[in-house]
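Undergrad:
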Amino acid sequence: MLPEDVDADAVQKALSTGMDGLSTSAQRLLIDAPSTAMLMLIVDQFEGDVHPRAGSAARSFIGLLEHAATVPNGRCIVVLTMRADFFDRLGRYPDFAEAVRGRSALDRHRDDAVQPAAGDHRPGRSGQPDL
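So for the sequence shown, our numbering puts the first residue at 438; every next one is plus one.
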């Protein structure tokens, strides 16, 4: 979500200019903010971007995220959520996987998240038992 006074078309153009598009956009968005202000980008269901059938747009997006999260003096914080069973697919992007591995925080309450999805297997109930 962008502030009302931000030109979304200009941001989209900046994002498509190269790997520094996201970090450059963050600098522009935060130009009048205190120097400690950061842009937080939250990507939910990131497993869709690391799916084997993800195309070149997904690969470009991953490159933007990697650069924005690791550029020195960058002003982006990137938060990714993804299913644990897709985590190994980050290996298709070795540099990105290393950046994520070094900064990841795994859910300490895994069972609390997985159990409802897996189902309680009582008669009349269903779920995804392979979770």
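Here a beta-carbon is modelled for each residue, glycine too, at the ideal position from N, C-alpha and C.
Bear in mind the structure is a predicted one, so any value in this text is a computation, not a measurement.
Measuring straight from C-alpha to C-alpha, what distance separates G458 and Q464?
TA: 10 angstroms
Undergrad: Relative to the C-alpha of T518, which residue among M456, S462, A474, L478 is closest?
TA: L478
Undergrad: Per DSSP, M477 is paired with what?
TA: Paired residues: I514.
Undergrad: Rounded to whole angstroms, how far is the Cβ of F533 from the Cβ of E484, which I believe are closer than 8 angstroms?
TA: Wrong, their Cβ atoms sit about 14 angstroms apart, outside the cutoff.
Undergrad: Of all the options A536, R512, R490, which has the alpha carbon lying nearest to the alpha carbon of P471?
TA: R512
Undergrad: Please go through the same chain and pick out, in chain order, the residues whose beta-carbon is closer than 7 angstroms to the beta-carbon of R520, but skip the five residues on each side of it.
TA: E484
Undergrad: 8 angstroms is my cut-off, CB to CB: does L502 come that close to chain D?
TA: In the structure shown, chain D cannot be found, because there is only a single protein chain.
Undergrad: Could you say which of M475, A495, L476, S460 lies nearest to Y530 if we only look at CA atoms?
TA: A495
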